[in-house]
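Counting from -12, one number per residue, gives the positions in the sequence shown under our numbering. Input: a single structure, listed below in structure tokens.
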Amino acid sequence: MLGGDRVALARLITRVENRGSGTATLMSKVYERCGQAFTIGITGPPGAGKSTITNCLIGHLREQQKTVGVVAIDPSSPFTGGSVLGDRIRMQK
-12 MLGGDRVALA
-2 RLITRVENRG
8 SGTATLMSKV
18 YERCGQAFTI
28 GITGPPGAGK
38 STITNCLIGH
48 LREQQKTVGV
58 VAIDPSSPFT
68 GGSVLGDRIR
78 MQK
């Protein structure tokens, strides 16, 4: 996962969500390697421009040779209370 393997990242996310055994140890190892990483939260109602501003931020950070990862969550999911979204269509940068 630390080398950019998206499948490994997906498995790690699933393991964390399911509170799998050894998750705390894995996360502490990931945290040690985060360096200068930071988190940005963007919220708002439908149509407010969340995807648009996210796309602009991605473009700006990548122009600076930064690596960017986006995890989009829909907190209104009636089944899970929050589901991961795939918004590849609108976020192309």
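Backbone N, C-alpha and C fix where the C-beta goes; we use that ideal spot for every residue, glycine too. All values derive from a computational prediction rather than experimental measurement.
Distance check for residue j and residue i, CA to CA, integer angstroms please.
i: GLN51; j: ILE45; result: 10 angstroms
i: VAL82; j: GLY9; result: Outside the shown range of the chain, which is -12 to 80, sits residue 82, and nothing can be said about it.
i: THR1; j: LEU48; result: 27 angstroms
i: VAL55; j: ALA(-5); result: 17 angstroms
i: ARG6; j: ASP(-8); result: 21 angstroms
i: GLN23; j: GLY34; result: 32 angstroms
With a Cβ-Cβ cutoff of 9 angstroms, do residue i and residue j count as a contact?
i: THR41; j: ILE60; result: no
i: VAL3; j: MET(-12); result: no
Could you give the DSSP three-state label for residue i: helix, strand or coil?
i: ILE60; result: strand
i: ALA24; result: coil
i: SER8; result: coil
i: LEU(-11); result: coil
i: THR30; result: coil
Within a Cβ cutoff of 8 angstroms, which residues of the same chain sit near residue i, ignoring the five residues on either side of it in sequence?
i: ARG20; result: LEU(-11)
i: VAL17; result: MET(-12), LEU(-11) and LEU(-1)
i: GLY36; result: none
i: LYS53; result: none
Ignore the nearest five residues each way along the sequence and tell me which others in residue i's own chain have a CB closer than 6 angstroms to its CB.
i: ALA85; result: Any property of residue 85 remains undetermined from this structure, which presents the chain solely from -12 to 80.
i: GLY31; result: LYS37
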